[in-house]
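Report on one structure; see the data block that follows.
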Ligand SMILES: [Zn+2]
C-alpha cells in the first residue's frame with residue numbers, strides 16, 4: 155500500500171472519545187472512570203482488527219496525561235497531547251508484542267516500570283497483539299500487573315481473547331470492541347465524502363463499506379483507493395471493478411442455466427471459461443458462487459436486510475424477482491453440491507486452474523441433470539395432494555401423469571383385482 159492510501163485513514167483517525175465510531179460501551183465506561191477518578195491500572199481491549207483498539211488506547215493515554223482536558227476529552231493542544239500525537243512522548247510507550255514477545259523484552263519492561271514518568275502524570279504502556287507473548291513473558295508481565303506502581307497504566311490490545319491467560323484477564327478491566335455495522339460505516343463514509351467534496355454513488359459506498367468488513371479504517375483505505383481509481387466521480391460499476399469480485403449478473407445467469415434443463419451447454423459453461431481465459435482464480439469463483447447461493451436462499455426465505463445479506467436493496471430485488479418462485483429445496487441442493495465441489499477441490503489439492511476448470515465443468519453439467527429430476531420436497535407435495543384426493547374420493551387430477559412419471563405405477567382405486575366390493 156502506498157502512503158497516499160493512508161491519507162484518509164490517518165486524517166480521519168479519531169483523536170477524541172466522541173469521534174470513535176460505535177464503541178459506546180467502552181468509551182462511556184472509560185469516560186466515567188476518568189471523571190470519577192477511578193481509573194484502573196490495567197485495561198484489555200479485544201476485538202477484530204481495525205475496529206479501533208489502538209486508537210482508543212491512544213486517546214485514553216492522551217486524556218490521562220492531558221494538562222487541560224475539555225469536556226472530558228484530551229485538548230490536543232497541550233505539550234503532553236502534542237507529544238503523544240507526534241509519537242514522541244517519553245511516557246507513552248507502544249510495544250508490539252508480535253515482534254517483542256520474548257522474556258527479555260518483558261524483563262526490560264519490568265525494570266522500566268519502576269521509574270517515575272518524565273513529564274506526565276502517568277506512564278502508559280500500550281501493548282498491542284498481546285496474545286503473541288510467550289508463556290514465560292506472560293508470567294513476567296503478570297508479576298507487574300499484580301503490583302503496579304501507582305503511576306503506571308497498562309493498556310493491552312488483542313484480536314485473540316482466548317489466547318490470553320486467565321491470570322492476566324483477572325488483573326485487567328476487559329472491553330470488547332465490536333465490528334461497526336455496515337450501515338454505520340456507509341453513513342460515516344457518506345459524511346466524509348461530503349466533507350471532502352467527493353461525488354459518490356450511494357451503492358458504491360455500500361460496496362466499499364462491505365469490503366471494510368466492520369472496520370472504519372479499512373473502509374477508509376479502500377475509499378482512498380477508489381478515489382485514485384475512479385478519479386472525480388466514484389461510481390458503483392467502477393468500485394465493483396476495483397473489488398475484482400465476480401459480477402452478480404454472472405452468478406444469476408449461471409443459476410438460471412443450471413435450473414433450466416434445456417439451457418445451452420456453452421452458455422452454462424461460459425462463466426467458467428471466461429474466468430479461466432482471463433486468468434481469474436477459479437477457486438475463488440466457486441467460493442463466491444457459494445456465497446451468492448447463500449444469499450439467494452436467504453432471499454427465497456424472505457430475508458431482505460442488506461446488513462445480513464451483504465447486498466444492496468436493488469440487487470436483492472433482482473434476485474427475488476428471478477428466484478422467488480424456485481423450489482427452495484433446489485437452491486439448497488445447489489448449495490450443497492457447490493459446497494461439495496469446493497471441498498473436493500481442496501481435498502484434491504488441485505495444482506493449477508486447468509485441473510480446477512475440468513472439475514467445475516463436469517460438476518456443472520452433472521448438476522444441471524440432477525436438478526432436472528424432481529426434488530424430494532416436490533415429490534412429497536404431490537404425494538400429499540394425491541393422499542388428499544384419495545381421501546376426498548375425488549378423481550385424479552392431471553397430476554396422475556406426474557405420478558406415473560416419477561413414482562412408476564399409479565395405483566388407481568378399484569384397479570386391483572380381488573379388492574372390488
Ligand atoms: Zn492536552
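In the numbering used here, the protein residues as written are 155 to 575. All C-beta atoms, glycine included, are put in the ideal place defined by N, C-alpha and C. Predicted model only: the values in this text are computed from it and were never measured.
| Check | Outcome |
| --- | --- |
| Which residues does DSSP list as the beta-bridge partners of residue 197? | 309 and 327 |
| Going by the CB atoms, is the gap between residue 287 and residue 252 shorter than 7 Å? | no |
| By how many angstroms is the C-alpha of residue 485 removed from the C-alpha of residue 473? | 12 Å |
| Output yes if chain B places a C-beta closer than 7 Å to the C-beta of residue 411; else output no. | In summary, chain B is missing from the structure at hand, where a single protein chain is found. |
| Contact check, residue 440 vs residue 492 under 8 Å by CB: the rounded distance? | 7 Å |
| Is it buried or exposed, residue 432, if we count other Cβ atoms within 10 angstroms and call 16 or more buried? | exposed |
| Go ahead and pull the three-state DSSP assignment for residue 423. | helix |
| Can you give me the Cβ contacts of residue 204 inside the same chain, cut-off strictly under 6 Å, excluding the 5 residues immediately before and after it? | 369, 371 and 372 |
| Report the partner residues of residue 246 according to the DSSP bridge assignment. | 278 |
| Distance, Cα to Cα, residue 191 vs residue 466? | 46 Å |
| Are three or more beta carbon pairs between the segment 179 to 196 and the segment 160 to 169 nearer than 8 Å? | no |
| Whose C-beta lies closer than 8 Å to the C-beta of residue 344 among residues of the same chain, with five residues either side of it excluded? | 354, 356 and 359 |
| Assuming contact is defined by CB atoms lying nearer than 7 Å, are residue 515 and residue 423 in contact in what I supplied? | yes |
| Helix or strand or just coil, what does DSSP make of residue 318? | coil |
| Per the DSSP calculation, residue 580 is bridged to which residue(s)? | Absent from the model: residue 580. The displayed extent of the chain is 155 to 575, so no value can be given. |
| Could you work out which residue in 178, 206, 273 and 194 is closest to residue 220 when comparing CA atoms only? | 273 |
| Work out the CA separation of residue 277 and residue 456 for me, nearest whole Å. | 55 Å |
| Return yes when at least one heavy atom of ligand 1 lies under 6 Å from the C-beta of residue 228, else no. | yes |
| Return the residue from the list 446, 376 and 389 that minimises the CA-CA distance to residue 405. | 446 |
| I'd like the span of the alpha helix (DSSP H) that includes residue 240, first residue to last. | Where residue 240 is concerned, there is no enclosing alpha helix (DSSP H), given that its DSSP letter is neither H nor E. |
| Distance, Cα to Cα, residue 155 vs residue 346? | Because the pLDDT of residue 155 is 42, which lies under 50, any placement of that residue in the model is unreliable, and the number read from its coordinates should be weighed accordingly. For residue 155 and residue 346, the distance between alpha carbons rounds to 21 Å. |
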